[in-house]
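Beneath this line is the structure, given in C-alpha cells, with notes to follow.
Protein chains: 2
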Amino acid sequence: MSLLLEQLIEAFQVLPGVGRKTAQRMAYHVLERGRDGGRRLAGVLAEAVERIGHCSQCRDFSETEVCALCAGAGRDRQQLCVVETPADRLAIETATGYRGLYFVLQGRLSPLDGIGPRELGLDLLARRLEGGEVAEMIVATSATVEGEATAHYLAQLARQHGVRPSRLAQGLPLGGELEYVDRGTLSHAFGSRAEMKD
Amino acid sequence: MSLLLEQLIEAFQVLPGVGRKTAQRMAYHVLERGRDGGRRLAGVLAEAVERIGHCSQCRDFSETEVCALCAGAGRDRQQLCVVETPADRLAIETATGYRGLYFVLQGRLSPLDGIGPRELGLDLLARRLEGGEVAEMIVATSATVEGEATAHYLAQLARQHGVRPSRLAQGLPLGGELEYVDRGTLSHAFGSRAEMKD
C-alpha cells in the first residue's frame with residue numbers, strides 16, 4: 001500500500017470512535033468519491049485547529065476572545081448555566097427558552113483522570129461569581145456519579161459567593177413508560193413525587 | 001456557535017457514515033483533546049488528495065504512476081485477479097498466498113447509478129488481456145447481484161481474448177453452522193456438493 005495512504009489511514013484514527021477499518025473506509029471514500037470534500041475538510045480543519053480557542057468568559061469554543069453569546073446583548077446576566085460540554089450548551093440552547101449565560105466546564109471532576117477544579121476553570125468561575133452580577137447558578141452537569149460530584153462542588157462554590165444554586169429536575173423522562181425506566185430513576189422519581197394541584 | 005466551528009462540523013460530514021451528531025463529536029474531540037492529531041490529519045489529507053492517484057496498470061491507489069505491486073519483481077504475471085475495491089485487494093493479499101497481479105475496478109457494474117464498463121476501466125483491462133501475458137483471470141467480485149453481473153461480463157471479456165476466467169468458490173463459510181447459514185448460500189452449497197475423496 002502507498003505510504004501516503006497508510007499515513008492517511010493512521011491520521012484518521014485520531015477521530016473518536018474511528019478504528020483502522022473505519023479509517024480505511026474513510027480514506028478510500030475521500031480518494032474515490034470525495035476529493036473536493038477532502039480538500040475542504042483539510043483546509044477547514046487546519047484553520048480551526050489554529051484559530052478556534054476558548055471564550056475568556058464562558059470557556060466555550062470561540063474564534064474571538066469573547067464568544068458571540070457572551071458578548072451579545074439581550075441575555076439575562078443574572079442567570080449562569082454551568083454545563084459540561086459545548087454540546088450540552090447547544091442542547092439546552094436548542095431545547096429550552098433559556099436566555100441567561102453559560103459556563104462550559106469542558107469536562108467534569110474526575111480526580112482519577114487528573115481532572116480537578118483547575119482543569120475545569122473553576123477559578124475563572126469563582127471570579128465570575130465574585131463579580132456579584134450572577135444571582136442564580138443553574139447546575140446542568142450530567143446525572144452520572146461524576147456529574148453529581150461536580151454539581152455538589154459547584155453548589156458549594158455558589159453558596160460561598162452568595163449565589164443561589166439550582167439543579168435540573170430528575171425523574172421520569174417525558175413519554176417514558178414506567179416499565180422500561182431504570183430502577184434508579186424510578187426509585188428517585190417515586191421518592192421525589194410532587195403533589196398534584198388543580 | 002462559532003462560524004468556523006460550524007464549517008468544520010459540515011466539512012466532517014463528507015466522510016462516509018458521518019452525520020451531523022458524529023461530525024459535531026469529532027470537531028469537539030479534535031479541538032478539545034486532539035489538536036496535534038487534527039493538525040496532522042489536515043496536512044496528510046491535503047497531501048493525499050493532491051498526490052494519490054491511480055496506478056496506470058491496476059487502477060489501485062498509488063502515489064507513483066505504476067504502484068509498487070505492479071512494478072515489483074517476483075509476482076506471477078500470468079495471473080490477474082480482478083477485485084472491486086482496494087480494500088478487497090488488501091483482504092486477498094493478507095489472507096491468501098496469491099502471488100499474481102491485480103486489477104481494481106473501483107466499483108461494479110451498476111447501470112442505474114451510471115457505472116458502466118468505462119467507469120470500471122474495462123477498456124484498460126481489455127488492452128491488458130490483449131497483451132497476451134495473462135493466462136488466467138480470477139474474478140473476485142462480490143457475491144451480490146451486481147457483483148455476479150460484473151463477473152459474468154468480465155468472464156466474457158476474458159474468453160474473447162483467449163484468457164481462462166475463474167471465480168472464487170461459493171459455499172458454506174468456514175466455521176459456519178448450517179443452522180445459521182442463509183437459505184441462498186445453503187441451497188447453493190447443497191447443489192454444488194463435491195465428492196469426498198480418500
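In order, the protein sequences belong to chains V and E.
Following UniProt numbering, the numbering of the first sequence begins with 1 at its first residue and continues without gaps.
Following UniProt numbering, the numbering of the second sequence begins with 1 at its first residue and continues without gaps.
Glycine is no exception: its CB is placed at the ideal position from the N, C-alpha and C atoms.
Computed from a prediction, not measured in an experiment: that's the story for all the values here.
For E:Q24, there is no enclosing beta strand (DSSP E); the enclosing alpha helix (DSSP H) has its first and last residue at 20 to 33. The three-state secondary structure of V:Y102, taken from DSSP, is strand. Close CB contacts of E:L120 within its chain, under the 8 Å cut and outside five residues either way in sequence, are with L105, Q106, G107, R108, L109, T150 (chain order).
A buried status is given to E:M137, since no fewer than 16 other beta-carbon atoms sit within 10 Å of its beta-carbon. Annotated three-state conformation of E:I92 is helix, per DSSP.
With contacts defined by Cβ atoms closer than 8 Å, E:R77 and E:E133 form a contacting pair. As the crow flies, the alpha-carbon of E:R51 is around 13 Å from that of V:G38. Rounded to whole angstroms, the gap between the alpha carbons of E:G131 and E:G97 is 25 Å. The Cβ neighbour count for V:L178, taken over all protein chains shown within 10 Å, is under 16; the residue is labelled exposed. Taking 8 Å as the cut-off, the beta carbon of V:S2 is found closer than this to the beta carbon of E:E63. Setting aside the 5 residues that flank it on each side, E:Q57 is surrounded in the same chain by V66, C70, each with a C-beta closer than 7 Å to its C-beta; the list follows chain order. Under the three-state reduction of DSSP output, E:V49 falls in the helix class.
In this structure V:A194 is exposed. Its beta-carbon is surrounded by fewer than 16 other beta-carbon atoms within 10 angstroms.
Excluding residues up to 5 positions away in sequence, E84, R108, T141 lie with their Cβ nearer than 8 Å to the Cβ of E:G147 in the same chain.
For V:R167, the enclosing beta strand (DSSP E) begins and ends at 164 to 167.
Here V:Q24 is actually not in contact with E:A11; their C-beta atoms are around 20 Å apart, not less than 8 Å. Sequence-distant Cβ neighbours of E:G53 in its own chain, meaning closer than 7 Å and more than five residues away, are S62. For the pair V:A143 and V:Q170, the CB atoms are nearer than the 8 Å cut-off. Within the segment 83 to 105 of chain E, the residues whose Cβ lies closer than 8 Å to any Cβ of chain V are, in chain order, T85, P86, A87, L90.
Contacts between E:G131 and chain V, judged by CB atoms closer than 8 Å, are missing: the closest CB pair is about 25 Å apart. Under the three-state reduction of DSSP, V:D76 is assigned to strand. Pairing V:D60 with E:R35, the inter-Cα distance amounts to about 16 Å. Only exposed fits E:L168, as fewer than 16 other CB atoms lie within 10 angstroms of its CB.
Under the Cβ criterion of 8 Å, V:M196 is not counted among the residues facing chain E. Taking CB atoms only, V:E146 has no neighbour in chain E less than 8 Å away. Per the DSSP secondary-structure output, E:I9 pairs with nothing in a beta bridge.
Per DSSP, the continuous beta strand (DSSP E) segment holding E:V139 begins and ends at 136 to 139. Chain order gives the chain E residues near V:Q7 as V44, where near means a beta carbon separation below 7 Å. Using a CB distance cut-off of 8 Å, V:I52 counts as an interface residue toward chain E. In this structure, V:V139 keeps its C-beta atom at 8 Å or more from the C-beta atom of V:V181. The beta-carbon of V:R39 is placed less than 8 Å from the nearest beta-carbon of chain E.
Annotation for V:R89: D60, V83, Y102, V104 place their beta carbon closer than 7 Å to its own, counting only its chain and skipping 5 residues before and after.
Taking each of E:I92, E:L80, E:V145, E:Y153 in turn and checking the Cα distance to E:G116, the smallest one comes out for E:Y153.
For a Cβ distance threshold of 8 Å, residue set A48, V49, I52, F61 of chain E lies close to V:L31, ordered along the chain.
For E:L15, the nearest CB of chain V lies under 8 Å from its own CB, placing it at the interface with that chain.
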